[in-house]
Amino acid sequence: MAMAHEFRYERPGTLKEALQLLGEHREKCRILAGGTDLIVNMKEGMVAPELVIDIKDIPDLKEISIHEHEIVIGAGITFADLIASDVIINGFPILHDAAKTVASTGVRSRATLAGNLASAVPSLDSAPALLVHDACVEAASLQGTRMIPIQEFFLGPRKTALLPDEIILSIHLPFPDKKQGEVYLKLGRYGGEDLAQAGWGFVVDADRNYKIAHCALAATPKRALKIEQFLCGKELTPQVISQAKEIMREEIAPITDIRASKEYRLHVSGVMLERGLKAAFDRLQNREVHPQKLLGGIA
Amino acid sequence: MKEISLILNHEPRTVMVAPNEILLDVLREKLGVKSPKCGCERGDCGACTVLLDGTCVRSCLVLAIEVEGHEITTVEGISQDKLSTLQEAFIEFNSFQCGYCAPGIILAVTELLEKHPHPSLEEIKESIAGNLCRCTGYTPIFDAIMAVSKEGK
Numbered sequence: 007m008a009m010a011h012e013f014r015y016e017r018p019g020t021l022k023e024a025l026q027l028l029g030e031h032r033e034k035c036r037i038l039a040g041g042t043d044l045i046v047n048m049k050e051g052m053v054a055p056e057l058v059i060d061i062k063d064i065p066d067l068k069e070i071s072i073h074e075h076e077i078v079i080g081a082g083i084t085f086a087d088l089i090a091s092d093v094i095i096n097g098f099p100i101l102h103d104a105a106k107t108v109a110s111t112g113v114r115s116r117a118t119l120a121g122n123l124a125s126a127v128p129s130l131d132s133a134p135a136l137l138v139h140d141a142c143v144e145a146a147s148l149q150g151t152r153m154i155p156i157q158e159f160f161l162g163p164r165k166t167a168l169l170p171d172e173i174i175l176s177i178h179l180p181f182p183d184k185k186q187g188e189v190y191l192k193l194g195r196y197g198g199e200d201l202a203q204a205g206w207g208f209v210v211d212a213d214r215n216y217k218i219a220h221c222a223l224a225a226t227p228k229r230a231l232k233i234e235q236f237l238c239g240k241e242l243t244p245q246v247i248s249q250a251k252e253i254m255r256e257e258i259a260p261i262t263d264i265r266a267s268k269e270y271r272l273h274v275s276g277v278m279l280e281r282g283l284k285a286a287f288d289r290l291q292n293r294e295v296h297p298q299k300l301l302g303g304i305a
Numbered sequence: 113m114k115e116i117s118l119i120l121n122h123e124p125r126t127v128m129v130a131p132n133e134i135l136l137d138v139l140r141e142k143l144g145v146k147s148p149k150c151g152c153e154r155g156d157c158g159a160c161t162v163l164l165d166g167t168c169v170r171s172c173l174v175l176a177i178e179v180e181g182h183e184i185t186t187v188e189g190i191s192q193d194k195l196s197t198l199q200e201a202f203i204e205f206n207s208f209q210c211g212y213c214a215p216g217i218i219l220a221v222t223e224l225l226e227k228h229p230h231p232s233l234e235e236i237k238e239s240i241a242g243n244l245c246r247c248t249g250y251t252p253i254f255d256a257i258m259a260v261s262k263e264g265k
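Residue numbers (our numbering), protein chains in the order written: chain X, 7 to 305; chain P, 113 to 265.
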């Protein structure tokens with residue numbers, strides 16, 4: 007089935023040409039990278055751009071560059087690229103966990119991290135990993151580039167801080183100051199391809215500083231700052247964990263939808279909080295963790 | 113309309129496409145390649161899987177115009193002279209019944225075996241996690257793949 011509406015297609019070879027097209031057409035155009043969200047949305051009539059700008063021929067976007075204090079993930083990097091990358095496997099295991107939970111191989115070979123962020127759905131698997139690492143999104147327009155902290159990037163379901171003439175150029179991930187253990191847990195309805203009913207990312211270091219973020223449990227993916235503050239410096243005793251679960255109920259705002267009820271999301275988040283925090287500690291102590299097995303093999 | 117050139121099953125081809133035409137439709141209706149199937153049309157079922165430059169993609173989520181200058185391979189392209197060892201194994205193990213998912217699964221596993229000739233059961237499951245089969249319940253599919261990967265050892 008061809009799409010009902012007609013549009014112009016451009017595949018510029020340089021970033022400058024892409025920005026010029028974007029600057030001219032603004033809301034009337036859409037950026038095409040992997041297309042795994044955009045084409046579905048166009049088929050279903052949710053968006054009907056007059057111009058589609060394919061950025062796959064822009065050369066510099068297809069690399070993960072490693073610098074002294076950070077890595078920079080280009081907008082053309084797919085989830086399959088992330089899964090295969092040594093610097094992601096060793097330096098940012100939580101992002102590796104998350105990338106492996108996104109859809110399936112045939113989608114991950116096209117879908118990009120930048121496109122995932124631009125789609126800004128509440129169940130965004132890559133968001134908790136970026137939130138706990140204090141990532142920045144580098145956006146470009148004809149006026150120049152700017153850095154948007156990931157905490158300020160998501161404004162609502164499918165709404166981001168990007169301006170109509172801006173494109174995501176890259177995602178900057180700073181290296182952590184010290185050794186930390188980190189893990190992403192995703193609960194879906196079945197093994198295989200599904201969106202998250204709940205997603206939680208956890209980071210812990212030897213001084214018991216915690217960083218925690220969630221997705222599919224509020225209008226946007228978010229850091230769980232109240233739980234972080236409560237847990238700071240504390241050992242994970244059964245009493246501390248049960249208090250953290252109480253605070254968690256105030257921190258998230260899940261809804262009932264086709265994938266799970268609000269009550270189930272609240273309950274299962276407590277289970278994920280407990281198992282995820284312990285798994286992050288296990289990783290800190292170099293013990294092997296298989297996130298997909300922590301929730302009964304369903305992930 | 114624009115004329116695009118691509119390599120389809122090892123053969124150079126050209127075809128006229130409009131920007132809003134989907135690769136799956138162009139393969140089936142304009143280029144005569146019928147193995148990729150239309151299932152969900154939104155990337156969930158894997159029936160439309162094709163190899164784009166050797167990597168599995170969902171042809172229902174790719175614009176035909178995007179593959180200008182690229183290489184597309186379908187089941188027709190991997191069994192031009194005779195069936196592959198993998199295809200023979202699928203027959204031997206009665207892996208498929210209706211066959212609608214078969215082209216997608218054959219391509220997904222062909223890519224897997226090229227990258228990892230001796231995958232674990234977990235790796236096999238992950239490689240076809242996005243290919244739905246509603247007939248045989250996956251077990252005879254896994255059995256056939258395990259048999260092929262052991263043969264080469």
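Every residue, glycine too, gets a C-beta built ideally from N, C-alpha and C.
In the DSSP assignment, P124 (chain P) forms a beta bridge with P:I119. With respect to chain P, the C-beta atom of M9 (chain X) has a partner C-beta closer than 8 Å. Of the candidates X:E69, X:E23, X:A86, X:H73, X:E23 places its Cα closest to the Cα of D60 (chain X). Of the residues assessed, N206 (chain P) falls on the exposed side of the cut-off, its CB having fewer than 16 other CB atoms within 10 angstroms. Rounded to the nearest angstrom, the gap between the Cα atoms of K146 (chain P) and G189 (chain P) is 12 Å. C-alpha of L301 (chain X) to C-alpha of M278 (chain X): approximately 8 Å in a straight line. Residue burial is scored here from C-beta neighbours: L233 (chain P) has fewer than 16 other C-beta atoms within 10 angstroms and is therefore classed as exposed. Around the beta carbon of E133 (chain P), 16 or more other beta carbons sit within 10 angstroms, so the residue counts as buried. Straight through space, the alpha carbons of T251 (chain P) and I173 (chain X) are spaced by roughly 45 Å.
At least one CB atom of chain P sits nearer than 8 Å to the CB of V46 (chain X).
Pairwise C-beta distances place the stretch 137-149 of chain X in contact with the stretch 210-227 of chain X, as three or more of them are shorter than 8 Å. With contact defined as three or more Cβ pairs closer than 8 Å, the stretch 39-49 of chain X and the stretch 114-122 of chain X are in contact.
A residue is called buried when at least 16 other Cβ atoms come within 10 angstroms of its Cβ; Y196 (chain X) does not meet this threshold and is exposed. The Cβ-Cβ distance between A204 (chain X) and A259 (chain X) does not fall below 8 Å. Under the three-state reduction of DSSP output, P170 (chain X) falls in the coil class, being neither helix nor strand.
Taking one beta carbon from each stretch, the stretch 76-90 of chain X and the stretch 171-191 of chain P have fewer than 3 pairs nearer than 8 Å; the two do not touch.
Here K192 (chain X) is buried, its C-beta having at least 16 other C-beta atoms within 10 Å.
When 7 Å is used as the limit between beta carbons, V169 (chain P) is near these residues of chain X: G112, S115, R116, in chain order.
With respect to chain P, the C-beta atom of E294 (chain X) has no partner C-beta closer than 8 Å. Contact between V179 (chain P) and L164 (chain P) holds: their C-beta atoms lie close to 7 Å from each other, under 8 Å. For secondary structure counted as the beta strand (DSSP E) over 3 or more consecutive residues, the stretch 159-236 of chain X holds these complete runs in sequence order: 160-162, 173-180, 186-193, 204-211, 216-221. Near chain P, meaning a CB-to-CB distance below 7 Å, no residue of the stretch 61-87 of chain X qualifies. For V58 (chain X), the nearest beta carbon of chain P is closer than 8 Å to its own beta carbon.
Boundaries of the beta strand (DSSP E) harbouring Y15 (chain X): 14-16, taken from the DSSP string.
Interface criterion not met: the Cβ of A222 (chain X) is under 8 Å from no Cβ in chain P. For the pair L57 (chain X) and H31 (chain X), the CB atoms are nearer than the 8 Å cut-off. By the C-beta density criterion, Q199 (chain P) is buried, having at least 16 other C-beta atoms within 10 angstroms. Pairing S275 (chain X) with T262 (chain X), the inter-Cα distance amounts to about 14 Å. Each of X:I177, X:E294, X:F181 was checked against the Cα of H75 (chain X), and the nearest Cα belongs to X:F181.
For I177 (chain P), the chain X residues whose Cβ falls inside 7 Å of its Cβ are Y15, in order along the chain.
Excluding sequence positions up to five before and after L219 (chain P), its CB lies within less than 8 Å of the CB of T161, V162, L163, C168, T185, T186, V187, I190, all in the same chain and listed in chain order. Taken through DSSP and simplified to helix, strand or coil, G41 (chain X) comes out as coil.
Taking 7 Å as the Cβ-Cβ cut-off, the stretch 92-113 of chain X approaches chain P at A109, S110, T111, G112, V113, given in chain order. At a cut-off of 8 Å between beta-carbon atoms, E241 (chain X) makes no contact with chain P. Beta-bridge analysis with DSSP links I190 (chain P) to no other residue. With fewer than 16 other Cβ atoms inside 10 Å of its own Cβ, E33 (chain X) counts as exposed.
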